[in-house]
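Note sheet for the following structure.
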Amino acid sequence: MSNSRRSFCKNAVYLGIGVSFLPLVTYAKANNQLNGNKVLSLKKKADKVVNIYGKICYEDLKPVKNAIVEIWHNNSASEPKTFEYEGKLITDAEGNYTFETDFPENHFEEGHYRMSRIFFKIKDKNGKEVLTKLYFGASGKAFVDGFHVSNTHEKLRDELPKTKKENENFSKIQFNIYLNY
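According to this note's numbering, the stretch in the sequence shown is residues 313 to 493, in order.
Here it is as structure tokens:
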């Protein structure tokens, strides 16, 4: 084999190995934004910002550590099926998560405006998943739908979203999510 061919083969192998690790590096960066108590930020341009934090627990109140929390929403300028705001984080050892985002707005879909909402998908280490939504009224107060309430133990329902409006442009929402298996 000639030197140029050998050099080409060697470089191709190195390139293949390097490219194969690229998705792992990207995944690690996207999923470790919460580690070290850093806040995931999905802020882009809005004046109104919301900080959402809470705890992911099983119904026995045992925290779900290292759960993957996916978050997404759009705003009035977004296409209904295209989410402009997306993020992913991992809960800490106590099941805590936190992120900041532009306040979600109503969006137009199928001829009418849909209520403001943020979607959450939580996955534990066993691969169990739950999908829920956090809705927002015109005043900025957060609430959940009947599906979320029905999947939350009766004794824990007072732990549903709590909104604290710091000022006109900034709210904090405590949203604890329980995995009901």
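All C-beta atoms, glycine included, are put in the ideal place defined by N, C-alpha and C.
- Ala379 sits buried, since 16 or more C-beta atoms from the chains shown fall within 10 Å of its C-beta.
- Asn363 is bridged by DSSP to Glu412 and Lys484.
- A straight line joining the alpha-carbon of Gly452 with that of Ser483 spans about 8 angstroms.
- Residue environment for Asn488: buried (at least 16 other C-beta atoms within 10 angstroms of its C-beta).
- Counted as a single uninterrupted DSSP element, the beta strand (DSSP E) harbouring Asn479 occupies residues Lys474 to Asn479.
- Distance from the CA of Pro375 to the CA of Lys440, rounded to the nearest whole angstrom, comes to 14 angstroms.
- Collapsing the DSSP output to three states places Ser451 in coil.
- Excluding residues up to 5 positions away in sequence, Asn378 lie with their Cβ nearer than 7 angstroms to the Cβ of Lys437 in the same chain.
- Taking the Cβ atoms as the reference, Tyr447 lies roughly 6 angstroms from Met427, within the contact range of under 8 angstroms.
- Asp404 is classed as buried because its beta carbon has at least 16 other beta carbons within 10 Å across all chains shown.
- Here Glu382 has Lys400 and Lys433 as same chain residues with Cβ atoms under 6 angstroms from its own Cβ, once five neighbours each way along the sequence are excluded.
- Taking a 10 Å sphere around the C-beta of Lys367, we find 16 or more other C-beta atoms and assign the residue as buried.
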